[in-house]
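Numbering (the UniProt record's numbering), first residue to last: 1 to 921. Each remark here refers to the structure printed beneath this line.
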Amino acid sequence: MSNNEPNSDGIKFKLPSSITIKGKEIFLKQAKWYIFYALSIMALIALFCIILYVEVYINSFFIRIDCNPDMPLNYEKCLDRGCIWVQRTEESQPLCFYPDGYGYTYQEIRKTSNGYHVDLVRTTEMKMFGDEMETISLQVYFETKNRLRLKFADKAKKRFEVPIEVPLPPAESPLNTEYSIDFVNEPQFGVLVKRNDTETVIFDTNIPGMLFSEQYIQISTRLASSNVYGFGEHTTLAYKHDTNWKKWSLFARDTSTDSSSNLYGVHPFYMNIEDDGCAHGVFLLNSNAMEVVLQPAPALTFRTVGGILDFYIFLGPSPEDVVKQYLEVIGLPGMPPYWALGFQLSRRGYGTIEEVKAVTERTEKAKIPYDVHYLDIDYMNNYKDFTFDEKRYSNLPAFVDDLHAQGRKVIIVLDPAIASNKTLESSYPALDVGINRDVFIKVNGTYLEGTSWPGKAYFPDFSHPEVRPYWTQMCTEFRKSVRFDGLWIDMNEPANFADGSLTGCSKNTLNYPPYGAGVLGSKLDGKLFEKTLCMDSVHHAGKHYDIHNLHSYYQANVTYRTLAIIIPGNRPMVLSRSTFPGSGRFVSHALGENLSTWEQLRASIPGILKFNLFGIPFVGADICGYALNTTEELCLRWMQLGAFYPFSRNHNSLYSKDQDPASFGKAFVNSVNKALYTRYELLPYLYSLFHLAHTEGSTVARPLLHEFPNDKVTWDISYQFLWGSALLISPIVEQAASSVDAYFPAGIWYDFYKGEVAKDGSGLTMTLMDEGYINLHVRGGHILPLQKPNVTTSLSRQQAMGLFIAPDETGTAKGLLFWDDGISYETQEHKTYLLVELTFKKNKEKAILYSNITIGNFPEAHNVFLGYLIFCNQITPSKVLINGKIVPSEKMNYDSQALVLRVDEIYVKLAEEFQLTILYK
Numbered sequence: 001m002s003n004n005e006p007n008s009d010g011i012k013f014k015l016p017s018s019i020t021i022k023g024k025e026i027f028l029k030q031a032k033w034y035i036f037y038a039l040s041i042m043a044l045i046a047l048f049c050i051i052l053y054v055e056v057y058i059n060s061f062f063i064r065i066d067c068n069p070d071m072p073l074n075y076e077k078c079l080d081r082g083c084i085w086v087q088r089t090e091e092s093q094p095l096c097f098y099p100d101g102y103g104y105t106y107q108e109i110r111k112t113s114n115g116y117h118v119d120l121v122r123t124t125e126m127k128m129f130g131d132e133m134e135t136i137s138l139q140v141y142f143e144t145k146n147r148l149r150l151k152f153a154d155k156a157k158k159r160f161e162v163p164i165e166v167p168l169p170p171a172e173s174p175l176n177t178e179y180s181i182d183f184v185n186e187p188q189f190g191v192l193v194k195r196n197d198t199e200t201v202i203f204d205t206n207i208p209g210m211l212f213s214e215q216y217i218q219i220s221t222r223l224a225s226s227n228v229y230g231f232g233e234h235t236t237l238a239y240k241h242d243t244n245w246k247k248w249s250l251f252a253r254d255t256s257t258d259s260s261s262n263l264y265g266v267h268p269f270y271m272n273i274e275d276d277g278c279a280h281g282v283f284l285l286n287s288n289a290m291e292v293v294l295q296p297a298p299a300l301t302f303r304t305v306g307g308i309l310d311f312y313i314f315l316g317p318s319p320e321d322v323v324k325q326y327l328e329v330i331g332l333p334g335m336p337p338y339w340a341l342g343f344q345l346s347r348r349g350y351g352t353i354e355e356v357k358a359v360t361e362r363t364e365k366a367k368i369p370y371d372v373h374y375l376d377i378d379y380m381n382n383y384k385d386f387t388f389d390e391k392r393y394s395n396l397p398a399f400v401d402d403l404h405a406q407g408r409k410v411i412i413v414l415d416p417a418i419a420s421n422k423t424l425e426s427s428y429p430a431l432d433v434g435i436n437r438d439v440f441i442k443v444n445g446t447y448l449e450g451t452s453w454p455g456k457a458y459f460p461d462f463s464h465p466e467v468r469p470y471w472t473q474m475c476t477e478f479r480k481s482v483r484f485d486g487l488w489i490d491m492n493e494p495a496n497f498a499d500g501s502l503t504g505c506s507k508n509t510l511n512y513p514p515y516g517a518g519v520l521g522s523k524l525d526g527k528l529f530e531k532t533l534c535m536d537s538v539h540h541a542g543k544h545y546d547i548h549n550l551h552s553y554y555q556a557n558v559t560y561r562t563l564a565i566i567i568p569g570n571r572p573m574v575l576s577r578s579t580f581p582g583s584g585r586f587v588s589h590a591l592g593e594n595l596s597t598w599e600q601l602r603a604s605i606p607g608i609l610k611f612n613l614f615g616i617p618f619v620g621a622d623i624c625g626y627a628l629n630t631t632e633e634l635c636l637r638w639m640q641l642g643a644f645y646p647f648s649r650n651h652n653s654l655y656s657k658d659q660d661p662a663s664f665g666k667a668f669v670n671s672v673n674k675a676l677y678t679r680y681e682l683l684p685y686l687y688s689l690f691h692l693a694h695t696e697g698s699t700v701a702r703p704l705l706h707e708f709p710n711d712k713v714t715w716d717i718s719y720q721f722l723w724g725s726a727l728l729i730s731p732i733v734e735q736a737a738s739s740v741d742a743y744f745p746a747g748i749w750y751d752f753y754k755g756e757v758a759k760d761g762s763g764l765t766m767t768l769m770d771e772g773y774i775n776l777h778v779r780g781g782h783i784l785p786l787q788k789p790n791v792t793t794s795l796s797r798q799q800a801m802g803l804f805i806a807p808d809e810t811g812t813a814k815g816l817l818f819w820d821d822g823i824s825y826e827t828q829e830h831k832t833y834l835l836v837e838l839t840f841k842k843n844k845e846k847a848i849l850y851s852n853i854t855i856g857n858f859p860e861a862h863n864v865f866l867g868y869l870i871f872c873n874q875i876t877p878s879k880v881l882i883n884g885k886i887v888p889s890e891k892m893n894y895d896s897q898a899l900v901l902r903v904d905e906i907y908v909k910l911a912e913e914f915q916l917t918i919l920y921k
């Protein structure tokens, strides 16, 4: 309207020519310019924010595959490779990356009896390394309804493939697969794998930059979400991976866990939690040096220096399903002997046998439960395998016999390096027999000589058919003197104090490959053999270039079978530093030479969770830290946490002060004993979890997301974990902290020590105070088998069993008890065990607990009896009956405030089915 037009009420008004603000007259024409300037500035700011947002958005979803991973950045070389050079906004983003269309296209797709065969041809003149393959093939196998295999290989010649046992694909395709597959050719070839029920694409390689050359193979895939778990071995402070341009090298390496580089083992497997909570897994069966690059699109790139691309994809849909399906391929984990679940003591630096005895004596005096003592290389004569120092360790055989008399065990270390220097003595059987059997790794036709703890050394080829009888002969002869119960295979990456060999390595492309996969040691001068063997050295199974990451797998296999022979009828116990997919069939694992720091304490939790994902559930970190000096507070918190590692061992280094629990004060010991005796009470539950891992492939220690994949809060939790599906462990992991903020997913959770309801309702974070023991909570709906603890597992196994009954919202609970003699080899395979299913149900009038024996072929099961029960969330009972007989009131204790009923001093044979009834008032 004009200045003089009437308003809606018919009243005319006129705009003023000026206004007065705080006594100052401002003309409207002048004000208009002020407003114009202000709006212009605001518009520029808004435009800048929009541009910034769009750039961040584009950078988050635009996939850049680095075209320059192998040499210093150079604009001209980037363009010469046919790639794009764009200034980056983040330091970790690649400057040089592949354009659309760079890769392969398919020429022909043929349907086969169990999948597809696809021929691929290069789309461009590739100029990466000059030997890119013109044609490759893709073989697709529909292996099961929830597993498929994608195998990319060279059409022209046979390349190295990992020579370990994997299931053969079926002759015909399975019916009703949970996935479908599609192939695209624009802008380059890609294979897309989709989940049928949700139509989520879980594997999509339609990304530029697929390469297949002699010593550099690359492929990328879009991820269904940024929730990525797995890949190892590395030290990380979070269980979930950071996808912000993170790089992880996979190459077995002797180094400290404070490094972010590649560590002792190699596991090219990841799990991806999709936005709706479904999970899938991807395994690349390749043993060459490798690098994985994660970017925020989200996407990841695999780069490997040899072999082929052999992918297995697992559809889940739950995280536990993914692990079980993965273990169907790599093999189920071995069953540990029961005694190995006890607490274990170790250190490097026992100068004499008397020093070892001093530790065992003070541990026994403090009544600290423990089952195993380790002997590091200190016991050896000049650090040589299969010897012991007859001066400093003169009474070693008698000491081992004394520990056996106490019901304890001894594990000795063996390194994969046999002393080759014979100047100190005329005969060394381990060397002489090895030469006679010709089992050592060679280079250029002669034995490769490096250096390790014994000095100059040869390295056994554990892929050689003669190495098993050789290793068995050496272990058999040495056990005649020292009756060890298990073996710890250390330094088995393999580690070499000389780079390559004493004479170096030849200047060729195996030792100095065109691309070093970012591994530690290769970044300065390109050599791949730092602290290990020459890559052109020869094993029976192939060149070390291809075999390096498999070395520990072969040694684990040989050592496990050696123990099965020399201790007949007994379950082998092997601890290995280095691992590969499938190693869990033979070995347990310690996370390596960590530091006595709070950061390393925290990092240990993601570490044990990842190795459960990798199929090696019997895992733990060196409690209180290996290197540096621990503090009493750190060691106490670490002992409380370490009591709930599946593998629980306190171990430290030569130059560190004593840190075995008895070396601290009485208050320290009292707190540690609470944690350790609780572990021993829970061992029947832990043992039953290992039975399920061994027979079904489930995890033992698992992240909360495995049980609650639809609860997005659990996707980022790294410092709480579960034993199985029932026991929640919430440790204090911060210095000077006296409480922990713990997350409780939906359901009822009971305090393990008090039996009372700790949390009931939807997901909630609670602050748990330090009450002198680690925070443990039992999930409603579960029954935990228990046993009164003692100072060794052998004594504990003679005690009464117990049950912790934790009903859910409906008043029901279920549990499982697996029980055998604890030591016999392959009891599951022979079905010589007791398996009891336990069920609890209640209504307003009564509750019933009953057992069902599904397998009862354990002859000694008649000695196993139920002696105490803890019922949570119970109203006042009027009477309790066992198999129809009333339980005397003096054997019952009811806490009306906590709603906990405890029944003690009963005698119920677990080998016979029983029924217990609670009648309410």
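Beta carbons are placed, not taken as given, at the ideal position from N, Cα and C, and that holds for glycine.
8 Å Cβ cutoff met for residue i and residue j
i	j	result
Leu-502	Thr-451	yes
Leu-284	Phe-302	yes
Ile-308	Tyr-553	no
Asn-594	Gly-625	yes
Thr-363	Thr-472	no
Pro-333	Phe-618	yes
residue 922	Thr-832	Residue 922 lies beyond the range of the chain shown here (1 to 921); nothing can be said about it.
Asn-286	His-280	no
Glu-696	Lys-324	yes
Leu-784	Val-740	no
Asn-549	Val-266	yes
Whole-number beta carbon distance between residue j and residue i, since they are thought to touch under 8 Å
i	j	result
Pro-99	Ile-84	5 Å
Asn-262	Phe-251	5 Å
Ile-547	Asp-485	Actually they do not touch by this definition, with Cβ atoms about 30 Å apart.
Element boundaries [beta strand (DSSP E), containing residue i]
i	result
Tyr-106	104-112
Glu-291	290-295
Ser-583	Element bounds for Ser-583: n/a, residue is neither H nor E.
Asn-227	227-232
Arg-303	299-304
Thr-221	217-222
Thr-135	135-144
Residue range of the alpha helix (DSSP H) that includes residue i
i	result
Ile-566	551-566
Ala-358	353-365
Glu-328	319-330
Glu-826	No alpha helix (DSSP H) contains Glu-826, which DSSP labels as neither H nor E.
Glu-76	75-80
Gly-434	429-437
Gln-600	598-613
Asp-376	Looking at the DSSP string, Asp-376 is not in any alpha helix (DSSP H), and its letter there is neither H nor E.
Ser-452	Unbroken run through Ser-452 is the beta strand (DSSP E), 450-452; no alpha helix (DSSP H).
Beta bridge counterpart(s) of residue i as assigned by DSSP
i	result
Gly-747	Gly-761
Ala-736	Answer is none; Ala-736 lacks a bridge partner.
Phe-804	Leu-784, Ile-870
Ala-419	Ala-457
Residue i beta carbon near the ligand NAD (any heavy atom closer than 7 Å)
i	result
Val-329	Among the ligands in the structure shown, none appear at all, so the ligand NAD cannot be discussed.
At least three beta-carbon pairs within less than 8 Å, the stretch 675-683 to the stretch 786-797:
yes
Check whether the stretch 604-613 and the stretch 716-732 are in contact - that is, three or more C-beta pairs closer than 8 Å.
yes
With a threshold of 8 Å, are at least 3 pairs of Cβ atoms found where one atom belongs to the stretch 203-218 and the other to the stretch 109-128?
yes
So, does the stretch 755-772 touch the stretch 896-903, judging by three or more C-beta pairs under 8 Å?
yes
Indicate whether the contact test is met: 3 or more Cβ pairs, each with one atom in the stretch 514-525 and one in the stretch 474-485, closer than 8 Å.
no
Decide yes or no for the touch test of the stretch 382-394 against the stretch 413-432: beta carbon pairs closer than 8 Å, at least 3 of them.
yes
Can at least three beta-carbon pairs, one atom from the stretch 792-805 and one from the stretch 533-548, be found at a separation below 8 Å?
no
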